[in-house]
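All you need for our numbering is the position in the sequence shown, starting with 1, plus 28.
Ideal Cβ positions, reconstructed from N, Cα and C, are used throughout, including at glycine.
Here is the structure we will look at, set down as structure tokens.
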Amino acid sequence: MPKEIPELPKHFFTEIDQLSFEEISFKVAKTLLGDSIEENALQEIIKDTLSFPAPVKKIEENIFVLELFHGPSMAFKDFGARFMSRLMHYYLEKEKKEIEILVATSGDTGGAVALGFYKVPGIKVTILYPKGKVSPLQEKQLTTLGHNITALEVDGTFDDCQALVKAAFLDEELNKAKNLSSANSINIARLIPQMFYYFNAYAQLKKNNDDVKAVFSVPSGNFGNLTAGLLARRMGLPVAHFVASTNVNDTVPKYLKTGKYRSKTSTQTLSNAMDVGNPSNFERMKDLFDGNHEKMKKEISGYSFSDQETENTIREVEQDSGYILCPHTAIAYKGLKTYLSENNDRELTGIFLSSAHPCKFPNVYDKKLWSKVELPSHTAELMKREKQAISMSKDFDDFKTWLLNN
């Protein structure tokens, strides 16, 4: 966590709808990072990171979607991965060092990190993913690049993958032998750029409504995306409320309702990138609220939904508006609608975060609906590439031995 979270000046929010995405992001990053990086270098990193848009689109009255899938891996994690890879390269070049990144993925992180760090000098990346628990397109994105990217296919769940990564950072022998770092949302450099699009979404809505009372519904797994929103709010972003929308891996919604945190083994669902039973960023959330359950509950509501509810939501939204949701995005929409129905305030503007392009989840849709999904041109070429992955058990000693020998 940052030692302190500085607030942006009030005039920034008065003018925000006149600023570009890059200008907004630079101001936010500069305020948070201070003098730890030169201004011109930070501007270049942001310009390179934001080479694709994050548009807000109206779905129905007072309900908007924030599309975060226009980057190279077609998932919101492109923002964090691209920013972090360029920031790391900046520091490594100055210090003339090399680094090894370890990253666990439940689906989308792996592809975003692989593409974000691909061929970045001085950085090797090892991606751990659960065997048989990511979609075919997600798997191709993280296993077909080669060069400085290595994929480990772990015989276990995402939580097993994440446990291996965390254990590696705590292992004295490994850390003496290697310069290790993380690209999961346990790395704060992933969360900083995820703040940018909350500010930019507010700016887009402010153009038509000067007094936006924004409710953000966030599809949540490891809770990095929601934590980024909370950090944005601490920096002054006017947010009326957050909704933590999960699948049946409902550890945090249960905590919000009961005040008791009980981690559990993750359950596989259609929204696989959110299949997390013990989210790392809950520690950051607790820190932001001083460990106070009541404080957290005032700012965040939590809802969880089954695969059946997810599929029903996808069908209903497509029938009503023609818009096709990915399974994660469907959960965010459902969470937003549930919150708004329970809090009948017509002044609220609902924004749900669309985390990935629907083309990444072909098994979720029936033939009729799948025929309406527009496939980006590069996906067909990607699916023809050969998978390159190393099989790995969930035993830490096996993983440690492999790391030391490679």
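query, result
"Reduced DSSP secondary structure (H/G/I, E/B, other) of L94", "strand"
"Length of the line joining the Cα atoms of K422 and F333", "29 Å"
"Runs of beta strand (DSSP E) lying entirely within the stretch 237 to 269, each at least 3 residues, in chain order", "241 to 247"
"Bridge partner(s) assigned by DSSP for E88", "I91"
"Burial state of P81, where buried means 16 or more other Cβ atoms lie within 10 Å", "exposed"
"Beta-carbon proximity of A360 to S419, cut-off 8 Å", "no"
"N- and C-terminal bounds of the beta strand (DSSP E) containing D330", "Correcting the residue identity first, residue 330 is Gly in this sequence and not Asp. Start and end: I328 to S332."
"The stretch 89 to 102 touching the stretch 176 to 189, judged by at least three CB pairs closer than 8 Å", "no"
"Sequence-distant residues of the same chain with beta carbon closer than 6 Å to L258, five excluded per side", "L316"
"Residue environment, G139, which counts as buried when at least 16 other CB atoms sit within 10 Å", "buried"
"Other residues of its chain near H356: CB distance less than 7 Å, five sequence neighbours each side excluded", "P247, S299, A301, M302, S383 and A384"
"Backbone CA spacing between S113 and I127 [nearest angstrom]", "11 Å"
"C-beta atoms of G144 and A109 nearer than 8 Å", "yes"
"Candidates E43, S79, A132 and I65: closest to L120 by CA position", "I65"
"Selected residue, minimal CA-CA separation from L397, among T407, N372, N340 and R374", "N340"
"Segment limits, beta strand (DSSP E) that includes A132", "I127 to A132"
"Assigned exposure category for H269 - 16 Cβ within 10 Å defines buried", "buried"
"8 Å CB neighbourhood of D187 in its chain, flanking five on each side removed", "T293, S294, V304, G305 and N306"
"A140 (DSSP reduced to helix, strand or coil)", "helix"
"Beta-carbon proximity of I44 to K241, cut-off 8 Å", "no"
"Where A217 sits in the DSSP three-state scheme", "helix"
"Residues that DSSP places opposite A417 in a beta bridge", "Paired residue(s): none; A417 is not in a bridge."
"Every unbroken beta strand (DSSP E) within the stretch 158 to 217, with a cutoff of 3 residues, ordered by chain", "177 to 182 and 208 to 210"
"Contact under 8 Å by Cβ, A142 with Q166", "no"
"Residues near N253 by beta carbon distance below 7 Å, same chain, minus five either side", "F104, Q222, V246 and L381"
"Pairwise C-alpha distance: Y225 and I151", "27 Å"
"As assigned by DSSP and simplified to three states, the class of A384", "strand"
"Per DSSP, cross-strand counterpart(s) of L156", "A132 and L180"
"Proximity of L156 and V182 at Cβ, strictly below 8 Å", "yes"
"Where G108 falls: helix, strand or coil (DSSP)", "helix"
"Beta bridge counterpart(s) of L376 as assigned by DSSP", "K241"
"Cβ pair L36, G264 closer than 8 Å", "yes"
"Neighbour-count burial assignment, L198, 16 or more Cβ in a 10 Å radius", "exposed"
"Alpha-carbon to alpha-carbon, A69 and L403", "35 Å"
"Nearest candidate by alpha-carbon position, reference A211, set A57, T137 and I220", "T137"
"Beta-bridge partners of S273, as assigned by DSSP", "P247 and Y331"
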